[in-house]
Amino acid sequence: MNQALNNLYNVIVNRKLEPSENSYTCYLFQQGLNKILKKCGEECSEVIIATKDGDRDGIKEEICDLLFHLTVLLVNQGITLSEIEEILTERSYKIGNLKTPYCSDPNS
21 MNQALNNLYN VIVNRKLEPS ENSYTCYLFQ QGLNKILKKC GEECSEVIIA TKDGDRDGIK
81 EEICDLLFHL TVLLVNQGIT LSEIEEILTE RSYKIGNLKT PYCSDPNS
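Quick look at the structure:
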C-alpha cells in the first residue's frame with residue numbers, strides 16, 4: 021500500500037507542477053482549497069454511508085476516493101507523505117493516549 025500511496029502522491033504532484041488539459045486533479049487545483057475541502061467532506065460522507073449500508077465493496081471504493089482527495093489536499097498544502105508517516109510513527113509508540121471524546125449532543 022505504501023508504494024501505491026507514493027505513486028498516487030507523485031502523480032498528483034506532477035499534475036500540480038505540469039497541469040494537463042481534461043485532468044480532474046488539475047481541475048481541483050484550479051478551483052482551489054474550498055473545492056478540495058468540499059470534495060474531502062463529500063467523500064468522507066460517502067465512506068460513512070457505504071459503511072452504514074454494509075457495502076464492503078463500496079467502502080473500499082469510497083475510501084480510495086477519500087484517500088485520493090486527501091492526497092490532493094496534502095499536495096495543495098505542501099505537506100509530504102513523509103511528514104504524515106513521521107507523525108503516524110510517533111503516535112504508534114504512545115501508550116495511554118485515549119482522549120475524552122468531544123460530544124456536541126450528549127444524547128447521541
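Note that the sequence shown covers residues 21 to 128 in this note's numbering.
For glycine and all other residues, C-beta sits at the position ideal for the given N, C-alpha and C.
- A Cβ-Cβ distance of about 5 Å is found for the pair Cys60 and His89, placing them in contact under the 8 Å criterion.
- Counting of Cβ neighbours within 10 angstroms places Glu63 among the buried residues, the total reaching 16 or more.
- Per DSSP, Ser40 is not a residue of any alpha helix (DSSP H), being assigned neither H nor E.
- Burial is judged here by how many other beta carbons sit within 10 angstroms of a residue's own beta carbon; Thr91 has at least 16 and is buried.
- Using a Cβ-Cβ distance cut-off of 8 Å, the segment 92-110 and the segment 33-51 are in contact, since at least three pairs of beta carbons, one from each stretch, lie closer than that value.
- Secondary structure of Lys114 (DSSP, three-state): coil.
- C-alpha of Leu53 to C-alpha of Arg111: approximately 28 Å in a straight line.
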